[in-house]
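So the structure is just underneath, and the comments pick up after that.
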Amino acid sequence: MYKIFDTVDEVSRYTTQRLLDKIRTQPTATLGLATGSTMEPVYAQLLASLHNSPLNVSKLTTFNLDEYIGLSADHPQSYNYYMHQHLFNQLDIPEESIHLPDGLTDNIDSACQCYSNAIKDKGGLDLQLLGIGTNGHIGFNEPLTSFNSRTHVVELSEQTRIDNSRFFNNKAEMPTHALTMGILDILEAKEIILVATGKHKAQVMAQLFHSSIDESLPASALKKHNNLTIVLDREAATLLPEQVCKNAV
Ligand SMILES: O=P(O)(O)OC[C@H]1O[C@](O)(CO)[C@@H](O)[C@@H]1O
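Read left to right, the sequence shown gives residues 1 to 249 (UniProt numbering).
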């Protein structure tokens, strides 16, 4: 299902509403969370809504999608730091219920296995929030990642390094590798919300719409899912067929 809104603000309000509905109806839910600039207004809106109408979030569990290898949790560009800055520092979720891959682990294989197993032990993800890379990555699952993948190490693609180097002083400072939840971990979520905003996402959203289910476009795996909502602003939806846009308001 597509939901298309005029502005980023409306996208964030809708996405927040979905998150609040989940928390309200299932206070012990396990949430899969994403980072990136797309999620910043979503988390800001979520905090504002919870400030105005508090809900008990203390029984939630969260798993983040990914983390750069080599960055410590207190590195300003680590996703651990991002999540605490944009969300967790202002939410009453116990630290032990918050999970992110550890970018400094010295036993990567076992850390990856433990991460996917920890998600399974919680009964799977009740709701997974996703952004999308301009190359179609979800989490950091780059093109040609197996759709059967569990949490694993990835070498970041040239496109992702170009896209995300804006967060670093220069491209050389940006890590070359990351840990990411696998595509199968994501697909096992009971509900998935993919959010994309801005003109720079229009091309990949059109590709996703027209693509068959193919590992060259990681996000196309989502077409196998039976509870997927794609939430876009007008700019990200520019290249979609008019009929899709008409039906998505
Ligand atoms: O929202 P952005 O910054 O465009 O990033 C898109 C996606 O790619 C990532 O950078 C990698 O997972 C995510 O943080 C994000 O969901």
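The beta carbon of each residue, even a glycine, is placed where N, CA and C say it ideally should be.
None of the values given here were measured: they were computed from a predicted structure.
### Q128 beta carbon less than 8 angstroms from that of A221
no
### Query
Where does H210 land, buried or exposed, given buried means 16+ other C-beta within 10 angstroms?
exposed
### Task
Quick one: which unbroken beta strand (DSSP E) runs of 3-plus residues sit fully inside the region 82–121? Chain order, please.
none
### Query
If we count the other Cβ atoms within 10 Å of its Cβ and call it buried at 16 or more, is Q17 buried or exposed?
exposed
### Query
So L50 is in the alpha helix (DSSP H); what residue range does that whole segment cover?
M39 to N52 is the extent of the alpha helix (DSSP H) around L50.
### Task
Report buried or exposed for M1, applying the criterion of at least 16 other Cβ atoms within 10 angstroms of its Cβ.
exposed
### Message
What I want to know is whether the C-beta of I23 ends up closer than 7 angstroms to one or more non-hydrogen atoms of ligand 1.
### Response
no
### Query
I think L60 touches L33, with their Cβ atoms under 8 angstroms apart; what is that distance to the nearest whole Å?
At roughly 10 angstroms, the Cβ-Cβ gap does not stay under 8 angstroms, so L60 and L33 are not in contact.
### Message
Going by DSSP in three states, V195 sits in which element: helix, strand or coil?
### Response
strand
### Task
Within the same chain, show all residues whose beta-carbon is closer than 8 angstroms to that of Y43, passing over the 5 residues directly before and after it, in chain order.
H86 and L87
#### Entry: Residue range of the unbroken beta strand (DSSP E) whose run includes L208
Taken as a continuous stretch (DSSP letters only), L208 belongs to no beta strand (DSSP E), being part of the alpha helix (DSSP H) at A202 to H210.
### Message
Comparing C-alpha positions only, which one of S216, N64 and N170 sits nearest to M181?
### Response
Taking only the C-alpha atoms, the option nearest M181 is N64.
### Task
Compute the Euclidean distance between the alpha carbons of Q45 and N117, then round it to the nearest angstrom.
31 angstroms
### Query
Do three or more CB pairs link the region 65–72 to the region 131–146 at distances below 8 angstroms?
yes
### Query
With a CB to CB cut of under 7 angstroms and the five nearest residues on each side skipped, what residues in its chain are close to L179?
D66, E67, I69, P101, G103, C112, T151 and V153
### Per-residue DSSP class, three states only, for K224
helix
#### Entry: CB of V231 within 8 angstroms of CB of T134, strictly
Cβ distance not < 8 angstroms, so V231 and T134 don't count as in contact.
#### Entry: Coarse secondary structure for I69, derived from DSSP in three states
coil
### Beta-ladder partner(s) of Y2, from DSSP
I230
### Query
Mind checking whether residue 250 and I119 have CB atoms under 8 angstroms apart?
Summary: the structure shown does not reach residue 250, with the chain confined to residues 1 through 249, and so no result is reported for it.
#### Entry: Nearest to L240 (by Cα), restricted to the options L228, L144, L208 and K224
L208
### Query
Less than 7 angstroms between the CB of A34 and some heavy atom of ligand 1, yes or no?
Yes, since a heavy atom of ligand 1 falls inside the 7 angstroms radius drawn around the Cβ of A34.
### Query
Hey, K224 and L194: beta-carbon distance below 8 angstroms or not?
By the CB criterion at 8 angstroms, K224 and L194 fall outside the cutoff.
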